[in-house]
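This report refers to the structure that appears directly beneath it.
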Amino acid sequence: MSAVVDLNKYYAFLAAMFLMAISPGPANMFFVRIGLARSYRRVFLGVVGVNLATLVWFIAAAFGLQVIMMTLPLLFQIIAIGGGVYLAWISLKSLYSAFDLRNEKLSFSLSEPADPNSPLWSTFRDGFMVQLLNPKVTLFFTAVLPPFLDIHRAMPAQMAVFAVTSISMDILSMTSYGLGAVTLSHLLTNPKNKQRFDIAVSLILLSIAGVIIWHSLTDLFHIQPV
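All residue numbers in the sequence shown are consecutive under numbering that gives the first Met the number 0, ending with 225.
So this is what it looks like as structure tokens:
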């Protein structure tokens, strides 16, 4: 019996997802802000809110990508190749920024401590909205995720596997950012530490992008003409 997902693509997804999960972004900076308020309950409520929004995105994406895969397989593969190119572009952009002395400090616009007197439910609400409206999440589902999907396997089952994987990694990374907020913010605002981090992540993502483009092109040439 064949696997639910293409294992080669899945392993590449694991590596890419791990790097994206630990990289500073709107969601992780939200947890730095919550963590600085020194409230464990707020951190965990925020994690629930963010990942509930991620689940909503996965359900919506599963239906949309399923339609494209079944009716327009050629378009689906073109989207996948575009996703690989996009991942390569953001990798090169991040690599350039790592060597740009003008960008040597990370901006923590969301890292001021959360108001400890605000209702607990507001942390859940804020987490949900941060992720639901996060532009990087839109790009993830339209550009980053499609290259890892196999056109010859059932979409709902694949999306379920990728959803569990993504949410599990996000829970670990976001909780870590929240509970270790002060330490992480100090480490990543150090120019040398941030530069090393950005270079390492960029190079690994760039190599993953190369693998994605190669696999997507191979799949494209194997599509039978209608």
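All C-beta atoms, glycine included, are put in the ideal place defined by N, C-alpha and C.
As the structure is a computational prediction, the values presented were derived from the model and not from experiment.
Quick one: what does DSSP say residue i is sitting in, helix, strand or coil?
i       : result
Phe-98  : coil
Leu-73  : helix
Ser-38  : coil
Ala-153 : coil
Ala-2   : coil
Lys-104 : Only weak support exists for where Lys-104 lies, its pLDDT of 47 falling under 50; the coordinates are left without a value.
Leu-144 : coil
Gly-83  : helix
Gly-177 : helix
Start and end of the alpha helix (DSSP H) containing residue i?
i       : result
Arg-124 : 119-131
Leu-6   : 6-21
How big is the Cα-Cα spacing for residue i and residue j?
i       : j       : result
Lys-227 : Gly-34  : This structure does not reach residue 227, given that the chain is present from 0 up to 225, and the question cannot be answered.
Ile-21  : Gly-177 : 12 Å
Thr-53  : Thr-217 : 30 Å
Ser-175 : Ile-203 : 22 Å
Tyr-85  : Leu-6   : 22 Å
Phe-17  : Ile-166 : 11 Å
Val-3   : Met-173 : 27 Å
Thr-164 : Ala-26  : 17 Å
Ala-156 : Val-55  : 16 Å
Phe-98  : Pro-118 : 42 Å
Ile-80  : Ile-212 : 5 Å
Ser-90  : Leu-205 : 5 Å
Arg-152 : Ser-121 : 40 Å
Met-154 : Ser-215 : 17 Å
Ser-38  : Val-31  : 11 Å
Lys-8   : Phe-139 : 16 Å
Ala-199 : Val-42  : 28 Å
Ala-87  : Met-19  : 13 Å
Leu-94  : Ser-201 : 6 Å
Looking only at C-alpha atoms, which of the options sits nearest to residue i?
i       : options                            : result
Gly-63  : Met-158, Gly-209, Arg-195, Gln-194 : Met-158
Ile-170 : Gln-130, Val-143, Ser-96, Ser-206  : Gln-130
Ala-61  : Gln-194, Arg-195, Val-160, Ile-212 : Val-160
Ile-83  : Ala-199, Thr-141, Ala-153          : Reading off the sequence, residue 83 comes out as Gly, not Ile. With distances taken between Cα atoms, Gly-83 lies closest to Thr-141.
Tyr-10  : Val-31, Ile-198, Leu-148, Ala-87   : Leu-148
Phe-12  : Ala-199, Phe-220, Leu-144          : Leu-144
Ala-59  : Ala-208, Met-168, Val-136, Leu-73  : Val-136
Pro-146 : Phe-57, Arg-40, Ile-77, Gly-179    : Ile-77
Ile-150 : Phe-57, Met-168, Leu-73            : Leu-73
Output yes if chain B places a C-beta closer than 8 Å to the C-beta of residue i; else output no.
i       : result
Gln-130 : Of the protein chains in this structure there is only one, and it is not chain B.
Within the chosen definition, does the region 44-52 reach the region 118-135 through at least 3 CB pairs nearer than 8 Å?
Taking a cut-off of 8 Å for Cβ pairs, the region 44-52 and the region 118-135 touch, as three or more such pairs fall below it.
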